[in-house]
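Student: Submitted below is the structure of interest, expressed as structure tokens.
Number of protein chains: 2
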Amino acid sequence: MSRAIAAVQTPGRRRRSEGKKAAILDAAEALFIAEGYERASVDAIAARAQVSKRTVYDHFGEKATIFLKVLERVNDALVGAVQSAIEEELTPGRDLREALTAFGRRVVTQTVPSSDYVTFRRLTSQHWAVPRLAGAVRERPERMLEERFAALTAGGELMAADPRLAARHFTALTIGLALDTLDTQDSKDEAEIVTVIADGVDAFLRAYRRPGPS
Amino acid sequence: MSRAIAAVQTPGRRRRSEGKKAAILDAAEALFIAEGYERASVDAIAARAQVSKRTVYDHFGEKATIFLKVLERVNDALVGAVQSAIEEELTPGRDLREALTAFGRRVVTQTVPSSDYVTFRRLTSQHWAVPRLAGAVRERPERMLEERFAALTAGGELMAADPRLAARHFTALTIGLALDTLDTQDSKDEAEIVTVIADGVDAFLRAYRRPGPS
DNA sequence: CCAAAAGTACACTAGCTAGTGTGCTTTTAG
DNA sequence: CTAAAAGCACACTAGCTAGTGTACTTTTGG
Numbered sequence: 311m312s313r314a315i316a317a318v319q320t321p322g323r324r325r326r327s328e329g330k331k332a333a334i335l336d337a338a339e340a341l342f343i344a345e346g347y348e349r350a351s352v353d354a355i356a357a358r359a360q361v362s363k364r365t366v367y368d369h370f371g372e373k374a375t376i377f378l379k380v381l382e383r384v385n386d387a388l389v390g391a392v393q394s395a396i397e398e399e400l401t402p403g404r405d406l407r408e409a410l411t412a413f414g415r416r417v418v419t420q421t422v423p424s425s426d427y428v429t430f431r432r433l434t435s436q437h438w439a440v441p442r443l444a445g446a447v448r449e450r451p452e453r454m455l456e457e458r459f460a461a462l463t464a465g466g467e468l469m470a471a472d473p474r475l476a477a478r479h480f481t482a483l484t485i486g487l488a489l490d491t492l493d494t495q496d497s498k499d500e501a502e503i504v505t506v507i508a509d510g511v512d513a514f515l516r517a518y519r520r521p522g523p524s
Numbered sequence: 311m312s313r314a315i316a317a318v319q320t321p322g323r324r325r326r327s328e329g330k331k332a333a334i335l336d337a338a339e340a341l342f343i344a345e346g347y348e349r350a351s352v353d354a355i356a357a358r359a360q361v362s363k364r365t366v367y368d369h370f371g372e373k374a375t376i377f378l379k380v381l382e383r384v385n386d387a388l389v390g391a392v393q394s395a396i397e398e399e400l401t402p403g404r405d406l407r408e409a410l411t412a413f414g415r416r417v418v419t420q421t422v423p424s425s426d427y428v429t430f431r432r433l434t435s436q437h438w439a440v441p442r443l444a445g446a447v448r449e450r451p452e453r454m455l456e457e458r459f460a461a462l463t464a465g466g467e468l469m470a471a472d473p474r475l476a477a478r479h480f481t482a483l484t485i486g487l488a489l490d491t492l493d494t495q496d497s498k499d500e501a502e503i504v505t506v507i508a509d510g511v512d513a514f515l516r517a518y519r520r521p522g523p524s
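Chains as they are written, first to last, in our numbering: chain E, 311 to 524; chain G, 311 to 524.
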């Protein structure tokens, strides 16, 4: 949605082509989300991308291909964003509650909202010929979290016998619920999201924090 | 899916009509789930229901109406099932872990699987003119759970300052994750579901059980 | 400047689908 | 038995959409 149209100036022969391609994918993504796969006509996509229908077909061949490319792009963006959120927020030395809250909040508000994750779920539930890309998108980020949780357990901050399970529980309590909230009410009320995340982190820590030396 | 076709014998003038109607809704539900709203043609629905297309239109007028009626039916079934699961499994005297596990398992395996809840989510994410029925389906069961959790807190078994939040967390940790599992892998591996539920109940109790008089 | 690449405008096909009209047959109530 | 209700077979329209073919224009590298 927020992807730029990019490179209006002197694109060079190759870059111009890529620019159009990106514009088509932008338009397609928006329309697939808004209308669903079937209802988003190729004519509408072309119009929105300000490109001729013929160009669309020259680039992608058939409609299904457009859809797949959109999925790939969204998937890449999502995985990358979660990756960097883990690396930058879930740093070893930091206070656990603070780190987890920041991580959850960042994933939901920066990466996702009005976008990638929700987008992905909505899109994948549409098409009936999508290879198991859908599974992958939740598997990969979860593996990354799993590793961090294992490290935290080793460091004595967490008590997660099964880091994989802990990661799933964390995701369910924070990101999952936040996305649910975003999904049902479309009040992009950021305050509410923050509350949901904070509450989730709270419950998570009660269940998984090492019994304190109070 | 598992709804019976019902009343093959001497239906009476009225009952015969209702029988056909139900058969049409059964067929429509199955096809909407399998193919999505757009791709499930009225002809296909009629064929599957073993009914003439004309009869379909005589009963429902237009395709969108069929969809709405299907949603209503699924919604009613779901709410009813959760209701009775709460009343029959989450009984006051019972051991908490046992009760919660039985409840979660029942909701996922009896009510839902191969059906209502997943069905509902899949369906509602399809149509772009569904009034906020989608929200209602998660609101109602959650309110019911909330009440029980409040009672359990009053009885001293739970420590849920905000019973509504506790209910959301419980649902996310157990039912939500179980459905996720069912959704990605279609291995209807019941054993795995049971494990997921048990793990979720475990984490929930660690976060919400009253600090024990060990 | 020029040739090729990229893009455009537009007309056209082939197929599918929602919804209707109509006359015929079956079922059921009284 | 009979009339009406319910259902059926079938033909037909109107509209939309994926995808193609083609001749024309614009852009860009050398």
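Here a beta-carbon is modelled for each residue, glycine too, at the ideal position from N, C-alpha and C.
Bear in mind the structure is a predicted one, so any value in this text is a computation, not a measurement.
Using the beta-carbon count (16 or more within 10 Å), is THR411/G buried or exposed?
Tutor: Label assigned to THR411/G: buried.
Student: Name, please, each residue of chain G whose Cβ falls closer than 9 Å to the Cβ of GLU348/E.
Tutor: Here the neighbours are GLY346, TYR347, GLU348 and ARG349.
Student: So, at 7 Å on beta carbons, what are the nonlocal neighbours of ALA354/G in its own chain, with the 5 sequence-adjacent residues on each side left out?
Tutor: Excluding positions up to five away in sequence, the list reads LEU341.
Student: Since ARG415/E and VAL361/E are thought to touch, with beta carbons under 8 Å apart, how far apart are those beta carbons, to the nearest angstrom?
Tutor: Between VAL361/E and ARG415/E the Cβ distance is about 37 Å, and since that is not below 8 Å, they are no contact.
Student: Count the other CB atoms within 10 Å of the CB of GLY346/E; is the residue buried (16 or more) or exposed (fewer)?
Tutor: Looking at its Cβ environment, which holds 16 or more other Cβ atoms inside 10 Å, GLY346/E is buried.
Student: So, is the C-beta of PHE514/G closer than 9 Å to a C-beta in chain E?
Tutor: Yes, because at least one Cβ of chain E sits closer than 9 Å to the Cβ of PHE514/G.
Student: By alpha-carbon positions, which one of PRO402/G, LEU515/G, ALA501/G and GLU382/G ends up nearest to ALA470/G?
Tutor: Nearest of PRO402/G, LEU515/G, ALA501/G and GLU382/G to ALA470/G, Cα basis: LEU515/G.
Student: Using a threshold of 9 Å, state whether the C-beta atoms of LEU406/G and ARG519/G are closer than that.
Tutor: A contact, by the Cβ cut-off of 9 Å.
Student: Given that ASP499/G touches chain E, what residues does it touch there, using C-beta distances under 7 Å?
Tutor: Result: empty, since nearest Cβ-Cβ is about 15 Å, beyond 7 Å.
Student: Should PRO402/E be labelled buried (16 or more other beta-carbon atoms within 10 Å of its own) or exposed?
Tutor: Exposed, since its Cβ has fewer than 16 Cβ neighbours within 10 Å.
Student: Is there at least one Cβ from chain G nearer than 9 Å to ASP472/E's Cβ?
Tutor: It does; some Cβ of chain G falls within 9 Å.
Student: Would you check if the distance between the CB atom of VAL366/E and the CB atom of ARG450/E is smaller than 9 Å?
Tutor: The answer is no: Cβ separation not under 9 Å.
Student: What does a CB cutoff of less than 6 Å around HIS369/E pick up in its chain, not counting 5 residues either side in sequence?
Tutor: So the qualifying residues of the chain are LYS331.
Student: Rounded C-beta distance between GLU502/E and ARG478/E? I'm assuming under 8 Å.
Tutor: About 24 Å; that fails the 8 Å criterion.
Student: By the criterion of Cβ-Cβ separation under 7 Å, what are the contact partners of GLY486/G in chain E?
Tutor: Result: ALA482 and GLY486.
Student: Inspect the beta-carbon positions of THR484/G and ILE507/G and report whether they are closer than 9 Å.
Tutor: Their beta carbons are under 9 Å apart, which means THR484/G touches ILE507/G by this criterion.
Student: So, helix, strand or coil for ARG519/G, using DSSP?
Tutor: In this structure, ARG519/G counts as strand in the three-state DSSP scheme.
Student: Could you round the C-beta distance between ALA359/G and ALA395/G to whole angstroms and report it? I think they count as a contact, below 8 Å.
Tutor: 30 Å between Cβ atoms; not a contact.
Student: Classify ARG458/E as buried or exposed, calling it buried when 16 or more other Cβ atoms lie within 10 Å of its own Cβ.
Tutor: Buried, by the Cβ-count rule.
Student: Excluding the 5 residues preceding and the 5 following THR491/G in the sequence, name in chain order all residues of the same chain whose CB lies nearer than 8 Å to its CB.
Tutor: GLU502, ILE503 and VAL506, listed in sequence order.
Student: Since LEU335/G meets chain E, which of its residues come closer than 8 Å, beta carbon to beta carbon?
Tutor: None at all; the shortest Cβ gap to chain E is about 21 Å.
Student: So with CB distances below 9 Å, who are the chain G contacts of HIS369/E?
Tutor: Here the premise fails: no neighbours, minimum Cβ distance about 25 Å.
Student: Between the beta-carbon of VAL517/G and the beta-carbon of ALA517/E, is there less than 9 Å?
Tutor: Val is not the amino acid found at residue 517/G; the sequence shown has Ala there. Cβ atoms of ALA517/G and ALA517/E: closer than 9 Å.
Student: Under the rule that 16 or more other beta-carbon atoms within 10 Å means buried, what is ARG442/G, buried or exposed?
Tutor: Residue placement at ARG442/G is flagged as unreliable, the pLDDT there being 49, under the threshold of 50; the coordinate-derived value follows with that caveat. Under this definition ARG442/G is an exposed residue.
Student: What is the DSSP secondary structure of LEU400/E, reduced to helix, strand or coil?
Tutor: Correct three-state label for LEU400/E: coil.
Student: Go ahead and label ASP386/E buried or exposed: buried means 16 or more other beta carbons lie within 10 angstroms of its beta carbon, across all protein chains shown.
Tutor: Per the 10 Å Cβ criterion, exposed.
Student: What is the rounded straight-line gap between the Cα of THR375/G and the Cα of ARG323/E?
Tutor: In a straight line, the C-alpha of THR375/G is about 51 Å away from that of ARG323/E.
Student: Go through its chain and collect everything with a Cβ distance to PHE413/G's Cβ below 8 Å, but skip five positions before and after it.
Tutor: ALA395, ILE396, GLU399 and LEU400, listed in sequence order.
Student: Could you tell me which chain E residues have their CB closer than 7 Å to the CB of LEU475/G, listed as they occur along the chain?
Tutor: Chain E residues near LEU475/G: ASP509.
Student: Excluding sequence positions up to five away, which residues of its chain have a Cβ less than 6 Å from the Cβ of GLU467/E?
Tutor: Taken in chain order, the residues that qualify are LEU406.
Student: Under 8 Å by Cβ, that's how I've got LEU475/E and GLY510/E pegged, so tell me the actual separation to the nearest angstrom.
Tutor: The pair is not a contact, with the Cβ atoms about 16 Å apart (cut-off 8 Å).
Student: With SER327/E as the anchor, note down where its alpha helix (DSSP H) starts and where it stops.
Tutor: First-last of the alpha helix (DSSP H) with SER327/E: 322-345.
Student: Assuming VAL352/E contacts LYS373/E under a Cβ cut-off of 8 Å, what Cβ separation, rounded to an integer in Å, is found between them?
Tutor: VAL352/E to LYS373/E, Cβ: 6 Å. Contact.
Student: Assuming contact is defined by CB atoms lying nearer than 9 Å, are GLU348/G and GLU382/E in contact in what I supplied?
Tutor: Taking 9 Å as the Cβ cut-off, GLU348/G and GLU382/E do not qualify as a contacting pair.
Student: Counting only Cβ pairs nearer than 7 Å, list the residues of chain E close to ARG478/G.
Tutor: Those within 7 Å of ARG478/G in chain E are LEU487.
Student: Just checking: is the beta-carbon of ALA357/E within a distance shorter than 9 Å of some beta-carbon in chain G?
Tutor: ALA357/E does not count as touching chain G.
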